[in-house]
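Chains as they are written, first to last, in the numbering used here: chain A, 1 to 328; chain B, 1001 to 1120. Right, one structure below, let's go through it.
Right, dumping it as structure tokens:
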């Protein structure tokens, strides 16, 4: 076992010490394996023995800086509320915003087995049945997320969706006329107002655990906020989350399948309304790409992956302009 | 136009050499690093393509800016944000900005437009 306490390592003895009081007894950490290193978080699969029982967990720990930090307790509360509402999510084991124990705020959940890599979810023959029901299942899950009473949730930000993008863009220090054209079009054609609900904020192929039976878990609630629920539908159907495949819902399903299974407060979803939120989603992803490049360039986190995202932002500039040209 | 001061191998040729080296690593890289190796190779491809087209592409960009009466992207972005472009020039501005983006994509993601038009 390593006790290396570098910023990207995980000390198994410290993990055991935070889990013992929660699980009520001695915990032995059998294996930890790095899963991913995101811009704001690192994650590991953690296999433990608590008493006689082996348990498979996922531990996420925040980096010091980046998008969505200091929010692990909030995310744990969201996961518990989502579970209570029948949304498939991993069960929360432990969470703390205090960086003292592990060197960063952390969240420990059960590990749900299944596929998370989008292109495999698009193609794996073993997941054919999951794909057949994917769009409808997304609609049912979103109906449940958007029906959770806001009063049952921790305090959530209520950003204006356009202002939030413009502020993030300004913070990158970059000037992007294509994105300004997109922002101007969105402001000139405001969408239908709907009662504010919980918005997952990153509901897309890539944040699902999928098995042959369908979506087993919705992950990554760190961008959740209160606002117009249509953002989750637009994001799910946005071009970058189709991963190069044509079907409009996550590269897998049809819009009519999604909408038939989705019943929002305030009346049915129109094609024009969905278009507005898809355009906003392409714009939002393009600006997030620039923000990720800023994180690299500023030295907050040096990463070739973040650097390249800055260049891939131009794909979203193209999407935004083509969509505006069709709509003007 | 490239000068002769630094001679050969050129910056582009050095980048190409590094990319070829990274590509040769293939299976020698641990699995958890393989993704970032692919990303790194792609980053060098972007740089190589940019160097190959940059003089011509920058000239096209300057001409388009001049035609719009904007000094640079910052100026143009500020004007659009402030809503100060006459509505009757909207199509012209969009076409000009789209031409810039298409030029950028030639370096950043050269098959993107084809994939977009194919409905992918």
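Virtual Cβ for every residue (Gly too), placed ideally from N, Cα, C.
Range covered by the alpha helix (DSSP H) that runs through residue i
{"i": "residue 182 of chain A", "result": "177 to 188"}
{"i": "residue 1010 of chain B", "result": "Taken as a continuous stretch (DSSP letters only), residue 1010 of chain B belongs to no alpha helix (DSSP H), as it is neither H nor E."}
{"i": "residue 134 of chain A", "result": "134 to 147"}
{"i": "residue 1053 of chain B", "result": "1031 to 1068"}
{"i": "residue 1085 of chain B", "result": "Here residue 1085 of chain B belongs to no alpha helix (DSSP H), and DSSP marks it neither H nor E."}
{"i": "residue 89 of chain A", "result": "Run containing residue 89 of chain A: none; DSSP gives neither H nor E here."}
{"i": "residue 106 of chain A", "result": "First-last for residue 106 of chain A: 106 to 110, but that is the beta strand (DSSP E), not the alpha helix (DSSP H)."}
{"i": "residue 234 of chain A", "result": "230 to 236"}
{"i": "residue 1112 of chain B", "result": "1112 to 1117"}
Cutoff 8 Å: residue i Cβ touching any chain B Cβ
{"i": "residue 312 of chain A", "result": "yes"}
{"i": "residue 77 of chain A", "result": "no"}
{"i": "residue 282 of chain A", "result": "no"}
{"i": "residue 178 of chain A", "result": "yes"}
{"i": "residue 321 of chain A", "result": "yes"}
{"i": "residue 181 of chain A", "result": "yes"}
{"i": "residue 225 of chain A", "result": "no"}
{"i": "residue 120 of chain A", "result": "no"}
{"i": "residue 262 of chain A", "result": "no"}
{"i": "residue 266 of chain A", "result": "no"}
{"i": "residue 244 of chain A", "result": "yes"}
{"i": "residue 308 of chain A", "result": "yes"}
Residue-chain proximity (residue i, chain A), Cβ-Cβ < 8 Å
{"i": "residue 1019 of chain B", "result": "no"}
{"i": "residue 1110 of chain B", "result": "no"}
{"i": "residue 1120 of chain B", "result": "yes"}
{"i": "residue 1007 of chain B", "result": "no"}
{"i": "residue 1057 of chain B", "result": "no"}
{"i": "residue 1073 of chain B", "result": "yes"}
{"i": "residue 1029 of chain B", "result": "no"}
{"i": "residue 1080 of chain B", "result": "yes"}
{"i": "residue 1178 of chain B", "result": "Outside the displayed range of chain B (1001 to 1120) lies residue 1178 of chain B, so it cannot be described from this structure."}
{"i": "residue 1113 of chain B", "result": "yes"}
{"i": "residue 1012 of chain B", "result": "no"}
{"i": "residue 1077 of chain B", "result": "yes"}
{"i": "residue 1094 of chain B", "result": "yes"}
{"i": "residue 1040 of chain B", "result": "yes"}
{"i": "residue 1049 of chain B", "result": "no"}
Residue burial classification, residue i (beta-carbon count within 10 angstroms, cutoff 16)
{"i": "residue 50 of chain A", "result": "buried"}
{"i": "residue 40 of chain A", "result": "buried"}
{"i": "residue 328 of chain A", "result": "exposed"}
{"i": "residue 222 of chain A", "result": "buried"}
{"i": "residue 1063 of chain B", "result": "exposed"}
{"i": "residue 75 of chain A", "result": "buried"}
{"i": "residue 87 of chain A", "result": "buried"}
{"i": "residue 252 of chain A", "result": "buried"}
{"i": "residue 193 of chain A", "result": "exposed"}
{"i": "residue 1053 of chain B", "result": "exposed"}
{"i": "residue 282 of chain A", "result": "buried"}
{"i": "residue 98 of chain A", "result": "exposed"}
Residue interval of the beta strand (DSSP E) (run including residue i)
{"i": "residue 47 of chain A", "result": "41 to 50"}
{"i": "residue 366 of chain A", "result": "Outside the displayed range of chain A (1 to 328) lies residue 366 of chain A, so it cannot be described from this structure."}
{"i": "residue 83 of chain A", "result": "No beta strand (DSSP E) holds residue 83 of chain A; the alpha helix (DSSP H) holding it covers 72 to 84."}
{"i": "residue 275 of chain A", "result": "That residue, residue 275 of chain A, is in no beta strand (DSSP E); its alpha helix (DSSP H) goes 271 to 297."}
{"i": "residue 198 of chain A", "result": "197 to 199"}
Identified DSSP bridge partners for residue i
{"i": "residue 253 of chain A", "result": "A:249"}
{"i": "residue 36 of chain A", "result": "A:43"}
{"i": "residue 333 of chain A", "result": "Here chain A comprises residues numbered 1 to 328, so residue 333 of chain A is not present and cannot be evaluated."}
{"i": "residue 96 of chain A", "result": "A:106"}
Residue i: CB within 7 Å of a non-hydrogen atom of the ligand FAD
{"i": "residue 115 of chain A", "result": "Because no ligand of any kind appears in the structure shown, any question about the ligand FAD cannot be addressed here."}
**Asked** For the stretch 1096 to 1113 of chain B against the stretch 1056 to 1070 of chain B, are there 3 or more C-beta pairs whose distance is under 8 Å?
**Response** yes
**Request:** Could you say if the stretch 122 to 141 of chain A and the stretch 183 to 197 of chain A meet the contact criterion of at least three C-beta pairs nearer than 8 Å?
**Result:** no
**Message:** With three or more C-beta pairs closer than 8 Å as the rule, is the stretch 140 to 153 of chain A touching the stretch 1038 to 1055 of chain B?
**Reply:** no
**Asked** Taking one C-beta from the stretch 307 to 321 of chain A and one from the stretch 1066 to 1083 of chain B each time, how about it: are there three or more such pairs within less than 8 Å?
**Response** no
**Prompt:** Do the stretch 1031 to 1039 of chain B and the stretch 1070 to 1079 of chain B meet, that is, are 3 or more Cβ pairs less than 8 Å apart?
**Reply:** no
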